[in-house]
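Structure first, then comments.
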Amino acid sequence: MNRFHFSRNTVLLTSIFFAVLLFCHLLLAQNNPVPLINQPLVPASVAPGGPGFNLTVNGTGFVSGSVVNWNGSARSTTFVSQSQLIASITSSDIAVATTASVTVVNPGTSVSSNVAFLTVTPARINVSLSTTSVTAGTSPDGLGVADLNHDGNLDLAVANAASNTVSILLGNGDDTFKPHVDYATGLQPTQVAIGDFNGDGNLDLALTASNQNAVSVLLGNSDGTFRPHVDYPSAAGQDFTLLVADLNGDGKVDLAVGYDANPGGASILLGNGDGTFQAHRDFPGGGNQVFSIVTGDFNEDGKLDLALANVGSSTVSLLLGNGDGTFQPNVDFSTGTSPASAVAADLNSDGHLDLAVANAGSNTVSVLFGNGNGTFQSQAAYAAGIAPESLTAADMNGDGKVDLAVSDGSSPISFSAILLGNGNGTFQSPVYHDAGAAAFFIVAGDFSNDGMLDLAVSNDSSTAPSISLLIQDKGTVVSLSPMNLKFGTQLVGTISAPKSVLLTNTGANSITISSITTTSNFSQTNNCGQSIAGGGSCTISTYLTPTIKGLLTGDLVITDSGGGSPQLVTLAGTGTVVQLSRSTINFGNEPVGSMSKPQRLTVTNRGTTKLTINSIGIGGANSGDFAQINACGASIVAGESCEIQVTFTPTALGVRNATLSISDNGGGSPQQVKLTGTGT
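The structure is reproduced here in structure tokens:
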């Protein structure tokens with residue numbers, strides 16, 4: 008009897024012991040965070056057909072037992088630290104050209120990290136892109152790229168700001184997409200983020216509802232369709248941007264929304280793991296108009312931080328994370344003017360996360376090297392078009408170095424700029440590619456599964472809304488830089504200064520040049536000859552030669568044996584019949600309160616019809632210090648001239664500036680003359 012009780016108690020105690028162990032194991036497993044992968048993978052690209060290799064994955068939130076997945080299949084993984092894993096990639100994984108999706112999964116959670124791409128492709132000297140387009144909803148804005156229906160092909164999710172919808176374009180894996188299917192969202196969605204919010208293995212969508220201070224969440228099904236949106240309030244003020252990450256390390260993904268106020272900041276919605284979110288908690292930054300928000304462990308303490316790009320303040324605000332979904336007060340770092348987009352990546356290969364920022368107001372990309380302690384070095388600026396709006400970081404030419412792709416929505420031509428990286432945090436001069444009508448948001452992905460990353464750019468245009476697909480040319484070895492040329496205003500019947508296009512043969516063999524021509528109102532000269540050796544290049548000098556007034560567009564056309572022929576460089580400029588005798592007037596020194604002698608400006612109509620003068624006036628910072636009288640009247644007969652006299656009466660000491668503007672129908676209006684003088 009006693010033996011019976013002893014055995015029963017022993018079994019009971021043993022059962023309780025193992026139950027407690029299991030409970031503790033499950034409790035610990037549930038506390039494992041959803042990891043975040045930093046860019047780039049090391050290596051970022053490999054050539055097809057090579058031997059197996061060790062892949063280094065850097066990031067945040069790794070634990071013992073973390074597994075690196077290659078296209079969803081686990082690879083042997085070595086845990087190095089909470090910020091680094093090493094995975095064994097086999098030769099069969101890289102036998103053919105392709106692009107692998109690399110993710111990390113922690114034990115005890117079914118939610119994977121973000122996706123990092125590794126291209127299996129031969130390295131190329133340059134990038135050559137061909138542009139096509141697909142339709143989406145009205146005023147497409149933010150873009151998300153992911154495999155939404157588990158078929159191995161990348162799909163697109165597009166936030167349509169004017170139609171209050173998100174368009175889903177399922178990819179066919181051959182650079183084409185099925186017709187878009189639209190789902191209702193909250194009011195005026197401007198950006199989309201993708202993640203698994205309820206842990207069911209299917210990707211879900213979150214979109215800013217910027218006109219109702221909310222986030223719309225659409226839970227996904229396994230086939231790329233989505234359930235009706237559920238909206239969660241966020242901070243007051245328009246919400247332009249958001250991201251998905253596990254900000255409190257509980258194994259459930261959260262949302263961080265950048266909001267526009269003074270100051271703007273980050274609105275945090277912690278996830279419950281079932282597709283719902285808790286009430287928002289707001290953390291102000293140091294500026295206003297937060298147009299971009301990125302995350303990473305910038306001070307390397309194992310906790311995710313936030314960086315906010317403040318368009319209205321020309322700064323980036325860093326909010327260091329406490330690891331529980333709350334953040335410390337902001338520290339601000341200077342950028343260029345109107346920073347509209349930011350990405351985080353290790354750009355100089357020193358093991359610390361850096362920032363790259365597209366500055367819409369200063370025509371540059373700022374690179375801020377991270378010190379690994381939550382501070383950044385002073386920015387280095389790189390030219391990047393006219394008005395860079397959005398950027399992404401990726402290895403575009405397969406050389407293992409991080410490159411930057413930047414969208415530019417300036418008119419009359421929108422384009423993307425590729426800044427190839429040198430591997431040390433510096434970048435080469437931009438190479439431009441046509442990107443549609445009103446380029447805005449840009450993402451990278453291999454839409455043809457050929458190992459070469461392509462680009463998708465939203466064209467937020469009321470007249471031609473679309474998604475431009477910039478597909479890497481297959482087989483072509485001809486690289487043109489730039490792909491677009493913009494000339495200024497040129498007098499009809501004259502020849503502009505030249506603008507150069509560099510033609511490079513990126514292949515190993517010689518190619519023949521059949522012809523190089525331009526369309527009307529443009530001309531060219533070149534030193535290309537009849538062939539270009541492998542790796543060689545030549546220069547094409549292009550000119551605007553207007554024969555009529557107004558906006559002029561055309562093409563430089565190169566016919567060759569390099570594949571993808573003919574190659575085109577888009578040209579634009581403006582012809583005018585208004586000739587000014589001078590472009591600047593400098594009055595030199597003049598005593599304050601004293602009027603200068605008049606300076607004369609002659610306006611001549613070089614056209615064949617009457618020139619209509621709408622107005623002549625002076626504007627600018629010190630316009631009150633300058634005055635004009637003119638004898639031009641309302642029109643100028645063809646071939647005739649009129650005179651404008653300008654005087655300077657300084658009202659203060661120092662340099663004084665203004666602009667004389669002539670509004671007319673002669674092309675390139677308004678014509679402007681810079682006025683300057685110094686008060687003494």
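Reading the sequence shown from the start, the letters are residues 8 to 687 in my numbering.
The beta carbon of each residue, even a glycine, is placed where N, CA and C say it ideally should be.
Counting only the same chain and skipping the five closest in sequence on each side, list residues whose C-beta sits under 6 Å from that of residue i.
{"i": "S572", "result": "T566"}
{"i": "A51", "result": "D402 and G407"}
{"i": "K506", "result": "L492 and T549"}
{"i": "D281", "result": "N205"}
{"i": "G675", "result": "T496, T581 and T583"}
{"i": "I275", "result": "A263, R288 and G332"}
{"i": "A54", "result": "P129"}
{"i": "E307", "result": "G379"}
Tell me the rounded alpha-carbon separation between residue i and residue j.
{"i": "V122", "j": "S88", "result": "20 Å"}
{"i": "N279", "j": "G428", "result": "40 Å"}
{"i": "K259", "j": "Y239", "result": "17 Å"}
{"i": "D361", "j": "A352", "result": "5 Å"}
{"i": "S90", "j": "G430", "result": "21 Å"}
{"i": "Q679", "j": "A216", "result": "42 Å"}
{"i": "S7", "j": "I474", "result": "No answer is possible for residue 7: the residues shown for the chain start at 8 and end at 687."}
{"i": "A242", "j": "T67", "result": "27 Å"}
{"i": "G569", "j": "S135", "result": "12 Å"}
{"i": "A463", "j": "V173", "result": "16 Å"}
{"i": "S304", "j": "N370", "result": "Before going on, a small fix: residue 304 reads as Asp here, not Ser. Each residue's Cα considered, the two are about 28 Å apart."}
{"i": "T496", "j": "G332", "result": "54 Å"}
{"i": "A143", "j": "A166", "result": "9 Å"}
{"i": "A363", "j": "V644", "result": "53 Å"}
{"i": "G458", "j": "T128", "result": "5 Å"}
{"i": "G309", "j": "N380", "result": "12 Å"}
{"i": "T192", "j": "S223", "result": "6 Å"}
{"i": "G72", "j": "Q245", "result": "41 Å"}
{"i": "S522", "j": "P47", "result": "41 Å"}
Do residue j and residue i count as a contact pair if the criterion is CB distance below 8 Å?
{"i": "A401", "j": "A451", "result": "yes"}
{"i": "L487", "j": "Q574", "result": "yes"}
{"i": "S397", "j": "I449", "result": "yes"}
{"i": "P346", "j": "V374", "result": "no"}
{"i": "L43", "j": "S120", "result": "yes"}
{"i": "V372", "j": "L426", "result": "yes"}
{"i": "F529", "j": "L558", "result": "no"}
{"i": "L254", "j": "A213", "result": "no"}
{"i": "A168", "j": "Q195", "result": "yes"}
{"i": "S137", "j": "D480", "result": "yes"}
{"i": "T399", "j": "A391", "result": "no"}
{"i": "I744", "j": "F60", "result": "Since the displayed the chain opens at 8 and closes at 687, residue 744 lies outside it and no answer follows."}
{"i": "L315", "j": "G328", "result": "no"}
{"i": "D461", "j": "D467", "result": "no"}
Chain D beta carbons: is any one of them nearer than 8 Å to that of residue i?
{"i": "N228", "result": "Judged by its chain identifiers, the structure shown contains no chain D, having just a single protein chain."}
Return the chain-ordered list of same chain residues with a C-beta closer than 8 Å to the C-beta of residue i, the five sequence neighbours on each side being excluded.
{"i": "P598", "result": "P657, G686 and T687"}
{"i": "N664", "result": "G627, A628, N629, K681, L682 and T683"}
{"i": "V75", "result": "L62, V64, A81, R82, T84, L92, A94, V109, T110 and V111"}
{"i": "R613", "result": "L498, V499, G500, V584, V585, Q586 and G646"}
{"i": "D162", "result": "V152, A153, D154, L155, N156, I175, L176, L177, G178, F184 and G231"}
{"i": "L33", "result": "Low confidence applies to L33: its pLDDT is 42, below 50, so where it sits in the model is not reliable enough to give any reading."}
{"i": "G600", "result": "T656, P657 and T658"}
{"i": "G57", "result": "S98 and I101"}
What residue does the beta strand (DSSP E) around residue i start on, and which one ends it?
{"i": "A487", "result": "Here the sequence assigns Leu to residue 487, which means Ala is not the residue at that position. Run containing L487: V485 to S488, per the beta strand (DSSP E) assignment."}
{"i": "H440", "result": "V438 to D441"}
{"i": "R234", "result": "Taken as a continuous stretch (DSSP letters only), R234 belongs to no beta strand (DSSP E), as it is neither H nor E."}
{"i": "D162", "result": "D162 to N167"}
{"i": "Q586", "result": "V585 to L587"}
{"i": "S475", "result": "S473 to Q479"}
{"i": "L48", "result": "No beta strand (DSSP E) holds L48; DSSP gives it neither H nor E."}
{"i": "P55", "result": "Per DSSP, P55 belongs to no beta strand (DSSP E) and is neither H nor E."}
{"i": "C545", "result": "S544 to L551"}
{"i": "R663", "result": "G661 to D671"}
{"i": "P42", "result": "Element bounds for P42: n/a, residue is neither H nor E."}
{"i": "L375", "result": "T371 to L375"}
Within the same chain, show all residues whose beta-carbon is closer than 7 Å to that of residue i, passing over the 5 residues directly before and after it, in chain order.
{"i": "P677", "result": "S668, I669 and S670"}
{"i": "T322", "result": "G293, G294, D339, F340, S341 and T342"}
{"i": "S538", "result": "S517, I518, T519 and I520"}
{"i": "Q635", "result": "I623, I625, I651, Q652, V653 and L667"}
{"i": "F655", "result": "F594, E597, S603, D632, F633 and G684"}
Run the proximity test for residue i: is its beta-carbon closer than 7 Å to any non-hydrogen atom belonging to the ligand PLP?
{"i": "G115", "result": "With respect to small molecules bound, the structure shown includes none, and the ligand PLP cannot be examined in it."}
Are the segment 599–617 and the segment 644–662 touching, with three or more C-beta to C-beta distances below 8 Å?
-> The way I'd put it, the segment 599–617 does touch the segment 644–662; three or more beta-carbon pairs between them come closer than 8 Å.
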